[in-house]
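S.K.: First residue of the sequence shown? That's 1 in the UniProt record's numbering, and the numbers climb one at a time after it. Quick one: the structure is below, and I'll ask about it shortly.
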Amino acid sequence: MANHTRPVEDETTGAFAKVADAPESWPVERSEERYRGAKCSMRTDWVEMPGAHGQGRAVAARDYMDHPGASAIVALDSRGRVLLQRQYRHPTQHTLWELPAGLIDGDGEGPLATARRELVEEASLRAATWHRLPDFYPSTGFSNERIHVFLARDLTEVPEEEIDFVREHEETDLASEWLPLPEAVRAVMEGRLHNGATVIGILAAHAASQDGFVSLPVASDD
């Protein structure tokens, strides 16, 4: 009987290795800001496209949200529980259970610095150990938003007097729960959680836990 099993090395270092996203930018004939809000703006770019059937270049308008990006944190305590917080999200008309997260909007602040700040502000926690989980673009046809996801462990509580932040609006109604990581995975697979960073972060953290997180890269803002 023929053996149709592919060698493992072919999948990790051979032909499949070329399947990886890569930076690329097509020429933009002109660009126009349509709207600017507190968190993001809307732009139209007129992008040079390949012409159909060898007919030369074409120009097409592409509308998108220009977004600063965000960081999300899988905060895992010493008992293997992940922190989730319930927050009202008006565009979805839902309250959603989410990871602590926030915009990368501080002066000169990178993704990891944002994650550290948000963990203090939203959860009153600091972490001694930080690793990177997969980052992602939540809506590639509509926005340039990129969400960076981190695993935070070795947690300690931050005294209230050390927190220089006042919660307002939706954040005043935050509720928190600590779920064992397998239970958080169950909530994802049963369709009870819908926030993209939360789904990706929980599943990635669970996959990384299988080898005790040793394969995860250490997080840095370099």
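Note that the Cβ used here is the ideal one computed from N, Cα and C, for glycine as well.
For the ligand HEM, I want to know if ARG62 counts as a neighbour, meaning its beta carbon is within less than 6 Å of at least one of the ligand's heavy atoms.
M.R.: Questions concerning the ligand HEM fall outside what the structure shown contains, since it holds no ligand whatsoever.
S.K.: Does the distance from the CB of ALA152 to the CB of ALA187 come in under 7 Å?
M.R.: Translated into the one-based positions of the sequence shown, residue 152 becomes position 152. Translated into the one-based positions of the sequence shown, residue 187 becomes position 187. Not closer than 7 Å, so no.
S.K.: Given PHE136, which residues of its chain have a CB within under 7 Å of its CB, disregarding the five upstream and five downstream residues?
M.R.: Your numbering for residue 136 matches position 136 in the sequence shown. Only ILE147, ILE200 meet the Cβ criterion.
S.K.: For PHE16, count the other beta carbons within 10 Å of its own beta carbon; 16 or more makes it buried, fewer makes it exposed. Which is it?
M.R.: Locating residue 16 in the sequence shown gives position 16, where the first residue counts as 1. Looking at its Cβ environment, which holds fewer than 16 other Cβ atoms inside 10 Å, PHE16 is exposed.
S.K.: Taking DSSP's pairing of strands, which residues face GLN87 in a bridge?
M.R.: On the sequence shown, position 87 is the one that residue 87 refers to. Answer by DSSP bridge pairing, in chain order: LEU96.
S.K.: Taking the alpha helix (DSSP H) that ILE202 falls in, what are its first and last residues?
M.R.: Here residue 202 corresponds to residue number 202 of the sequence shown, with the count starting at 1. 196–209 is the extent of the alpha helix (DSSP H) around ILE202.
S.K.: To the nearest angstrom, how far is it from the Cα of PRO7 to the Cα of ALA20?
M.R.: Your numbering for residue 7 matches position 7 in the sequence shown. Your numbering for residue 20 matches position 20 in the sequence shown. The predicted model places PRO7 with a pLDDT of 48, which falls under 50 and marks its position as unreliable; any figure quoted below should be read in that light. Distance between the alpha carbons of PRO7 and ALA20: 20 Å.
S.K.: Taking the alpha-carbon of GLU160 as reference, which of SER124, ARG62, GLY191, PHE150 has the nearest alpha-carbon?
M.R.: If you number the sequence shown from 1, residue 160 lands on position 160. Ranking SER124, ARG62, GLY191, PHE150 by Cα distance to GLU160 puts SER124 first.
S.K.: Is the segment 181–198 touching the segment 95–109, taking contact as three or more C-beta pairs under 8 Å?
M.R.: Yes: the two stretches touch, three or more of their Cβ pairs being nearer than 8 Å.
S.K.: Check each candidate in ALA175, GLU183, ARG132 and name the one with the smallest Cα separation from ILE73.
M.R.: Indexing the sequence shown from 1 puts residue 73 at position 73. Among ALA175, GLU183, ARG132, the Cα nearest to that of ILE73 is on ARG132.
S.K.: Flag this pair as yes or no: are the beta carbons of ASN144 and HIS67 separated by less than 7 Å?
M.R.: By one-based count along the sequence shown, residue 144 stands at place 144. By one-based count along the sequence shown, residue 67 stands at place 67. Yes, the pair counts as a contact, with Cβ atoms nearer than the cut-off.
S.K.: Quick check on the DSSP output: the beta strand (DSSP E) that includes LEU103 runs from which residue to which?
M.R.: Position 103 of the sequence shown, counting from 1, holds the residue named residue 103. Residues 101–103.
S.K.: Excluding sequence positions up to five away, which residues of its chain have a Cβ less than 6 Å from the Cβ of GLU9?
M.R.: Locating residue 9 in the sequence shown gives position 9, where the first residue counts as 1. At GLU9, the pLDDT of 49 sits below 50, so the modelled position is not reliable and the matter cannot be decided from this model.
S.K.: Which one of SER78, LEU84, VAL149 has the shortest CA to CA distance from LEU112?
M.R.: Here residue 112 refers to the residue found at position 112 of the sequence shown. Ranking the options by Cα distance to LEU112, first place goes to VAL149.
S.K.: Starting from THR44, follow the alpha helix (DSSP H) in both directions and report where the run begins and ends.
M.R.: Looking up residue 44 in the sequence shown gives position 44. THR44 -> not in any alpha helix (DSSP H); beta strand (DSSP E) instead, spanning 41–49.
S.K.: Let me make sure I understand the geometry here. Which of THR129, ARG36, GLY106, SER31 has the alpha-carbon closest to that of GLY69?
M.R.: Stepping through the sequence shown from its first residue, residue 69 is reached at position 69. Looking at the Cα atoms, GLY106 is the closest of the given residues.
S.K.: Using C-beta distances below 7 Å, list every residue in its chain close to GLU33, excluding the 5 sequence neighbours before and after it, in chain order.
M.R.: Start at 1 with the first residue of the sequence shown, and residue 33 comes out as number 33. Same-chain partners within the cutoff: SER41, ARG43.
S.K.: Roughly how many angstroms separate the alpha carbons of VAL185 and ARG62, rounded to a whole number?
M.R.: Along the sequence shown, one-based indexing puts residue 185 at 185. Along the sequence shown, one-based indexing puts residue 62 at 62. So the alpha carbons of these two residues sit roughly 37 Å apart.
S.K.: Determine the DSSP secondary structure at PHE16, reduced to helix, strand or coil.
M.R.: The sequence position of residue 16 within the sequence shown is 16, counting from 1. If DSSP states are grouped into helix, strand and coil, PHE16 belongs with the helices.
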